[in-house]
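What follows is a set of notes on a single structure, which appears directly below.
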Amino acid sequence: MKNHKNTKEESIIETTLFGQPLALGDARITYDSLSPLDLRQPVDALVDDLGEDLLQITCANGDIVDVGWYPAWNAQGRLRVVAVREQDWEAPVFSAQPDKDPQALLQALRAALASLG
């Protein structure tokens, strides 16, 4: 991860996921079992690694972007990206089920982060 300073002296974090840039703003990746996976592989090759807890990004104010596979370890499952405020998992401010494709997932992650901005 790289720290960049803007003119307001706020810390801006940028990282890469699947070889693509992902601007995190004031957030941090707090859990990641997703980035080692090659999502271009068939689901059957990945299913043992596809659990509910794949990636969690936590903002400075405690808001969370979470990525999981539902139902966990099930070849019929789907990726799910949610953004939650104040630990309100029952009413996420953003929810998406992107295709199992790195670009689709990155697009959903960017939208989830923007929804918390």
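Per the working numbering, residue 110 is the first one in the sequence shown, and the count goes up by one each step.
Idealized CB from N, CA, C, for every residue including glycine.
Going by beta carbons, Leu-143 and Val-176 fall inside the 8 Å limit. Selection Asn-170, Asp-141, Glu-161 evaluated against Arg-187 yields Glu-161 as nearest (Cα-Cα). If you draw a straight line from the Cα of Ala-223 to the Cα of Thr-167, it comes to about 13 Å. Separation of the CB atoms of Asp-210 and Trp-182 is rounded to 20 Å, and the pair is thereby denied contact status at 8 Å. Between the beta-carbon of Val-202 and that of Leu-225 there is about 7 Å, and that keeps the pair under the 8 Å contact cut. If you ignore the 5 residues before and after Ala-205, its C-beta comes within less than 6 Å of the C-beta of Val-190, Ala-217, all in its own chain and listed in chain order.
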